[in-house]
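Right, one structure below, let's go through it.
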Amino acid sequence: MSLITLTTDFGTKDHFVGAVKGAIYSELEDAKIVDITHEITPFNITETAYILKNSYKSFPKGTIHIIGVDSELSEDNKHIALELDGHFFVCPDNGLISMIASEINPTKIVEINIHDRIESSFPVLDVFVQVACFIARGGNLTVIGREITEFKKLVEIQPKVNQAQNQIIGGVIYIDNYGNVITNISKKMFNDIGKGRAFKATARRYSFNTIFTKYNEITGKNSHKSHQFDGQKLAIFNTAGFLEIAIYRSNLDTVGGASSLLGLEYRDSVIIEFINDSKPDFSPLS
Numbered sequence: 000m001s002l003i004t005l006t007t008d009f010g011t012k013d014h015f016v017g018a019v020k021g022a023i024y025s026e027l028e029d030a031k032i033v034d035i036t037h038e039i040t041p042f043n044i045t046e047t048a049y050i051l052k053n054s055y056k057s058f059p060k061g062t063i064h065i066i067g068v069d070s071e072l073s074e075d076n077k078h079i080a081l082e083l084d085g086h087f088f089v090c091p092d093n094g095l096i097s098m099i100a101s102e103i104n105p106t107k108i109v110e111i112n113i114h115d116r117i118e119s120s121f122p123v124l125d126v127f128v129q130v131a132c133f134i135a136r137g138g139n140l141t142v143i144g145r146e147i148t149e150f151k152k153l154v155e156i157q158p159k160v161n162q163a164q165n166q167i168i169g170g171v172i173y174i175d176n177y178g179n180v181i182t183n184i185s186k187k188m189f190n191d192i193g194k195g196r197a198f199k200a201t202a203r204r205y206s207f208n209t210i211f212t213k214y215n216e217i218t219g220k221n222s223h224k225s226h227q228f229d230g231q232k233l234a235i236f237n238t239a240g241f242l243e244i245a246i247y248r249s250n251l252d253t254v255g256g257a258s259s260l261l262g263l264e265y266r267d268s269v270i271i272e273f274i275n276d277s278k279p280d281f282s283p284l285s
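In this text, residue positions in the sequence shown follow numbering that gives the first Met the number 0: the first is 0, and each later residue adds one.
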């Protein structure tokens with residue numbers, strides 16, 4: 000049985016997702032198809048990269064991931080297939096693979112070249128499905144494309160380090176279903192650059208000098224009165240290992256989320272400034 004995942008910005012109102020699944024089943028009747036999401040903000044490459052980086056590892060080795068975001072073929076947007084960390088990815092070369100490959104180099108990358116035989120305005124259906132099914136049957140990547148060594152890098156996915164000013168300059172890359180704001184600053188980078196120093200994290204006019212490991216740590220010793228903390232802002236390293244700005248027990252219908260309450264949006268800057276000769280505060284508030 001072949002396991003194939005789908006990640007797109009197609010939504011579920013139109014016929015696109017159903018057509019792609021039907022095409023896969025026409026090629027591989029015993030395929031298992033898993034929807035990671037079809038609700039990517041249209042053409043948002045950074046959001047796609049974040050979701051994929053934090054979902055693909057949960058699947059078994061050998062899984063094939065079809066990614067249909069900003070996938071129209073052009074001179075500047077080639078189609079590629081690659082093997083990375085025991086998984087296969089079929090996607091446009093628009094930079095979305097940057098975050099996934101930031102720590103692990105691909106084993107093999109090919110530029111897909113079957114377009115000469117296929118005229119299509121819907122490449123996910125007509126090209127990506129064929130490539131994914133070919134891989135699922137045990138096909139070698141070099142049969143469907145020319146081997147290459149580079150893929151497009153998306154600069155905005157990577158935060159910058161200003162050593163002279165003891166700063167990490169990052170930004171908002173994703174806003175989740177709770178309105179929580181996820182940045183591109185990883186816990187690893189924070190620890191590597193911070194080296195145990197105290198800090199101030201700033202996003203717009205809001206600042207934080209404590210980063211929690213769990214949301215309910217904000218209640219400290221008052222967990223029996225946790226509701227009094229509802230709606231308070233906090234910073235946390237989320238389960239994906241990235242700095243997140245959140246509202247405790249946010250409710251988008253009543254309290255609101257960090258994005259709306261703090262006015263934080265995609266691509267807004269988040270800066271961490273480290274203070275020399277001091278220790279950071281990871282303890283819960285009392």
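All C-beta atoms, glycine included, are put in the ideal place defined by N, C-alpha and C. Note that the structure is predicted; figures quoted are calculated from it, not measured.
Exposure label - residue i; buried when at least 16 CB within 10 Å
i      : result
Phe281 : Any reading at Phe281 is ruled out, since the residue's pLDDT is 47, under 50, leaving its predicted position unreliable.
Asp13  : exposed
Lys52  : buried
Gln162 : exposed
Val142 : exposed
Ser57  : exposed
Gln164 : exposed
Ser285 : Here the model assigns Ser285 a pLDDT of 33, short of 50, so the residue's position is not dependable, and the following value carries that caveat. Answer is exposed; the Cβ neighbour count stays below 16.
Asp92  : buried
Met188 : buried
Gly21  : exposed
Thr4   : buried
Thr212 : exposed
Rounded separation between residue i and residue j - CA only
i      : j      : result
Asn179 : Asp8   : 20 Å
Glu155 : Glu82  : 24 Å
Ile192 : Phe241 : 15 Å
Ile63  : Ile181 : 26 Å
Leu140 : Glu146 : 8 Å
Glu71  : Tyr177 : 31 Å
Pro283 : Ser25  : Note that Pro283 scores 45 on pLDDT, short of 50, meaning its location in the model is unreliable; the coordinates nonetheless yield the value given after this. Whole-angstrom Cα-Cα distance: 55 Å.
Gly230 : Ala239 : 23 Å
Ala18  : Thr6   : 14 Å
Ala197 : Ile167 : 13 Å
Val298 : Asn215 : Residue 298 is absent from the model: the chain starts at 0 and stops at 285.
Asp34  : Phe88  : 14 Å
Ile96  : Asn76  : 13 Å
Ala135 : Glu74  : 28 Å
Thr206 : Glu272 : According to the sequence shown, residue 206 is Ser rather than Thr. In a straight line, the C-alpha of Ser206 is about 11 Å away from that of Glu272.
Beta-bridge pairing of residue i - partner residues as DSSP gives them
i      : result
Lys77  : Paired residue(s): none; Lys77 is not in a bridge.
His64  : Thr4 and Phe88
Leu242 : Phe236
Ala200 : Phe207 and Ile271
Leu124 : According to DSSP, Leu124 bridges with nothing at all.
Gln166 : Asn161 and Glu272
Arg145 : Glu110
Lys31  : Leu2
Ser57  : For Ser57, which the question treats as bridged, DSSP gives no partner whatsoever.
Within-9 Å CB hit, residue i to chain D
i     : result
His37 : Given the protein chain composition of this structure (a single chain), no chain D is represented.
From the options, residue whose alpha carbon lies closest to that of residue i
i      : options                           : result
His86  : Gly21, Tyr55 and Ser120           : Tyr55
Asn208 : Leu233, Gly219, Val19 and Lys186  : Leu233
Leu90  : Lys31, Val123 and Ile113          : One detail in the question is off: residue 90 reads as Cys in this sequence, not Leu. The shortest C-alpha separation from Cys90 is found at Val123.
Asp267 : Glu216, Glu28, Ile210 and Pro158  : Pro158
Ile184 : Ser101, Phe88 and Gly144          : Ser101
Ile338 : Tyr247, Lys60 and Lys107          : A question about residue 338 goes unanswered here, because the residues of the chain that appear run from 0 up to 285.
Thr36  : Ala48, Glu74 and Lys77            : Ala48
Arg204 : Asn190, Thr212, Ile167 and Gly262 : Gly262
Whole-Å CB distance - residue i paired with residue j, under 8 Å assumed
i      : j      : result
Gly10  : Glu46  : Gly10 to Glu46, Cβ: 14 Å. No contact.
Ile210 : Phe236 : 6 Å
Gly67  : Phe127 : 7 Å
Closer than 8 Å: residue i CB and nearest the ligand NAP heavy atom
i      : result
Tyr214 : Summarising the ligand content, the structure contains no ligands, and the ligand NAP is consequently not present.
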